[in-house]
């Protein structure tokens with residue numbers, strides 16, 4: 001099969017199989033501008049055009065189009081949208097209508113095309129509704145301005161938006177990550193703690209875990225501190241994994257409180273889950289407390305990086321890691337291409 005996943009072995013376009021991807025919340029917003037003359041714009045604002053209320057009809061048309069996108073774009077997957085909407089801003093200078101279309105779902109692929117199609121159809125509907133009084137309408141600047149969710153994370157332009165979106169700055173890790181270009185294993189340990197990041201609590205888990213991982217004889221190791229922000233964790237782990245770090249361990253954010261978002265941040269990144277690792281951590285936790293049934297510890301790979309999400313409790317994190325340490329050297333070797341037999345001799 002071609003390395004480019006949108007082509008088959010012969011080079012022909014094909015619909016990508018997204019069955020192995022993780023389901024995550026996905027949102028997209030697209031925009032378009034419809035240029036009118038001043039007279040047409042006044043009629044539109046007064047709802048005095050021959051076809052009636054332009055923007056209401058355009059809104060409904062855009063929502064309908066979003067839901068039927070897969071029927072129009074050949075390689076687009078049918079999606080069960082959880083939300084679709086179109087909003088407008090009437091602008092006097094220059095006379096125009098700025099519109100934005102939003103689409104959301106929880107699924108295995110994004111909704112960028114749904115938002116773009118909704119914006120285009122809403123704009124075309126405005127043209128249809130006003131063409132009796134103006135023929136030289138211009139539709140321009142159709143483009144994506146926001147995309148969130150999935151493996152690639154957040155894309156957002158600098159444009160002010162009609163929709164309310166999460167636009168607070170992403171917290172920076174402490175310290176800033178660097179690419180690992182040397183030989184040997186680079187190990188990162190990320191502690192997720194709002195209070196720790198704010199300087200209100202000492203990080204005990206991270207140093208203890210990094211000390212345990214010294215048995216792997218890493219060529220480089222580093223601690224990182226983050227608040228419980230899924231965007232920050234997603235961005236940092238992606239940066240580390242694509243910058244040569246072979247083992248990335250996180251501690252915190254695996255419980256059930258509203259701020260426990262580590263699995264949600266990491267799942268979209270993983271190429272493969274490691275269910276055996278997860279089962280070992282779950283069983284180890286149950287050896288010590290029945291509350292371990294609430295844990296959502298996670299393990300998987302991204303490229304040649306192994307990612308392990310441990311509990312936030314320093315004791316529980318060390319117990320879970322201790323259960324995995326005997327197999328970690330072999331697992332890392334296999335991840336990096338070791339062809340030796342895994343069986344017992």
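In full-length UniProt numbering, the protein residues as written are 1 to 345. The beta-carbon is built from N, C-alpha and C at its ideal position, and this holds for glycine as well.
message: Between the alpha carbons of residue 199 and residue 84, how many angstroms are there, rounded?
response: For the purposes of this step, residue 199 is identified with residue 199 of the chain shown, where counting begins at 1. For the purposes of this step, residue 84 is identified with residue 84 of the chain shown, where counting begins at 1. One alpha carbon belongs to residue 199, the other to residue 84, and they sit about 41 Å apart.
message: Let's see if you can read the secondary structure: which residues bound the alpha helix (DSSP H) around residue 199?
response: Here residue 199 refers to the residue found at position 199 of the chain shown. Here residue 199 belongs to no alpha helix (DSSP H), and DSSP marks it neither H nor E.
message: Going by beta-carbon coordinates alone, are residue 16 and residue 108 separated by less than 7 Å?
response: Mapped onto the chain shown, residue 16 falls at position 16. Mapped onto the chain shown, residue 108 falls at position 108. No, they are not a contact pair.
- prompt: So, helix, strand or coil for residue 126, using DSSP?
  reply: Taking the first residue of the chain shown as position 1, residue 126 is located at position 126. Looking at residue 126 - three-state DSSP - the assignment turns out to be helix.
message: My output table needs one value for residue 205: the three-state DSSP class, helix, strand or coil.
response: Locating residue 205 in the chain shown gives position 205, where the first residue counts as 1. It is helical.
Coarse secondary structure for residue 173, derived from DSSP in three states: Residue numbering aside, residue 173 sits at position 173 when the chain shown is read from its first letter. DSSP places residue 173 in coil when its eight states are reduced to three.
message: What ranges does the beta strand (DSSP E) occupy inside the UniProt domain "MoaB/Mog" (188 to 331), keeping only unbroken runs of at least 3 residues that lie completely in it?
response: 220 to 226, 247 to 251, 298 to 302, 305 to 310
field: Any beta strand (DSSP E) of 3 or more consecutive residues that is wholly inside the stretch 68 to 92
entry: 83 to 91
- request: Given a cut-off of 7 Å, decide if residue 52 and residue 121 are closer than it, judged by their beta-carbon atoms.
  value: Your numbering for residue 121 matches position 121 in the chain shown. Your numbering for residue 52 matches position 52 in the chain shown. Going by C-beta atoms, residue 121 is not nearer than 7 Å to residue 52.
task: Could you tell me which residues DSSP pairs with residue 140 in its beta bridges?
output: Against the chain shown, residue 140 aligns to sequence position 140. Per DSSP, 33.
- prompt: Leaving out the 5 sequence neighbours to the left and right, which residues in its chain are closer than 7 Å to residue 304 when beta-carbon positions are compared?
  reply: Start at 1 with the first residue of the chain shown, and residue 304 comes out as number 304. The residues are 246, 335, 336.
- request: Taking all protein chains shown into account, decide if residue 92 is buried (16 or more other Cβ within 10 angstroms of its Cβ) or exposed.
  value: What you label residue 92 is simply residue 92 of the chain shown in a count that begins at 1. Burial call: exposed.
task: Look up residue 132 in the DSSP assignment and say whether it is helix, strand or coil.
output: Taking the chain shown and counting its residues from 1, the one referred to as residue 132 is at position 132. Three-state DSSP puts residue 132 in coil, outside helix and strand.
Delimiting residues of the beta strand (DSSP E) encompassing residue 100: Here residue 100 is taken as the residue at index 100 of the chain shown, counted from 1. Run containing residue 100: 96 to 107, per the beta strand (DSSP E) assignment.
field: Residue range of the alpha helix (DSSP H) that includes residue 42
entry: Position 42 of the chain shown, counted from the first residue, corresponds to residue 42. Here the alpha helix (DSSP H) through residue 42 covers 38 to 45.
message: Using 7 Å as the threshold, is the C-beta distance between residue 24 and residue 268 below it?
response: Locating residue 24 in the chain shown gives position 24, counting from the first residue. Locating residue 268 in the chain shown gives position 268, counting from the first residue. Yes, the Cβ-Cβ distance between residue 24 and residue 268 is below 7 Å.
- prompt: Thinking just about the alpha-carbon of each residue, which of 256, 73, 147, 69 is nearest to the one in residue 294?
  reply: In the chain shown, counting from the first residue as 1, residue 294 sits at position 294. Selected option, being the one with the closest Cα: 256.
query: Comparing alpha-carbon positions, which option in 325, 155, 170 lies nearest residue 214?
result: Position 214 of the chain shown, counted from the start, is the residue given in the question as residue 214. Among 325, 155, 170, the Cα nearest to that of residue 214 belongs to 325.
message: So for residue 3, helix, strand or coil by DSSP?
response: Position 3 of the chain shown holds residue 3. Residue placement at residue 3 is flagged as unreliable, the pLDDT there being 47, under the threshold of 50; the coordinate-derived value follows with that caveat. Looking at residue 3 - three-state DSSP - the assignment turns out to be coil, as it is neither helix nor strand.
query: Can we count residue 290 as close to the ligand NAP, meaning its CB is less than 6 Å from some heavy atom?
result: Among the components modelled here there is no ligand, and therefore nothing to report on the ligand NAP.
- prompt: residue 335 by DSSP, collapsed to three states: which one?
  reply: Locating residue 335 in the chain shown gives position 335, counting from the first residue. Reduced to three states, the DSSP call for residue 335 is helix.
- request: Taking only the alpha-carbon atoms, compute the straight-line gap between residue 302 and residue 273 and give it to the nearest angstrom.
  value: Locating residue 302 in the chain shown gives position 302, counting from the first residue. Locating residue 273 in the chain shown gives position 273, counting from the first residue. Cα to Cα, residue 302 sits roughly 9 Å from residue 273.
Paired residues, beta bridge with residue 146 - DSSP: Taking the first residue of the chain shown as 1, we reach residue 146 at position 146. 29, 156.
- prompt: Which residue's Cα is closest to the Cα of residue 332: 312, 317, 307, 311?
  reply: The residue labelled residue 332 in the question sits at position 332 within the chain shown. Measuring from the Cα of residue 332, the nearest candidate turns out to be 307.
query: Can you list, in chain order, the residues of its chain whose CB lies under 8 Å from that of residue 237, leaving out five sequence neighbours each side?
result: Numbered from its first residue, the chain shown carries residue 237 at position 237. These residues qualify, in order along the chain: 190, 248, 250, 265, 266, 269, 302, 307.
message: Just to confirm, is the Cβ distance from residue 33 to residue 201 under 7 Å?
response: Reading the chain shown from its first residue, position 33 is the one you call residue 33. Reading the chain shown from its first residue, position 201 is the one you call residue 201. Contact check for residue 33 against residue 201 fails: the beta carbons are separated by 7 Å or more.
field: Residue closest to residue 149, alpha-carbon to alpha-carbon, out of 244, 221, 234
entry: Here residue 149 refers to the residue found at position 149 of the chain shown. Of 244, 221, 234, the residue nearest in Cα terms is 234.
query: Going by Cα to Cα distance, which pick from 144, 89, 35, 231 is closest to residue 131?
result: To locate residue 131, count along the chain shown from 1; it is residue 131. When only C-alpha atoms are compared, the closest one is 35.
- prompt: From this set, 244, 231, 205, 104, which residue's C-alpha is nearest residue 154's C-alpha?
  reply: To locate residue 154, count along the chain shown from 1; it is residue 154. That would be 231, whose Cα lies nearest to the Cα of residue 154.
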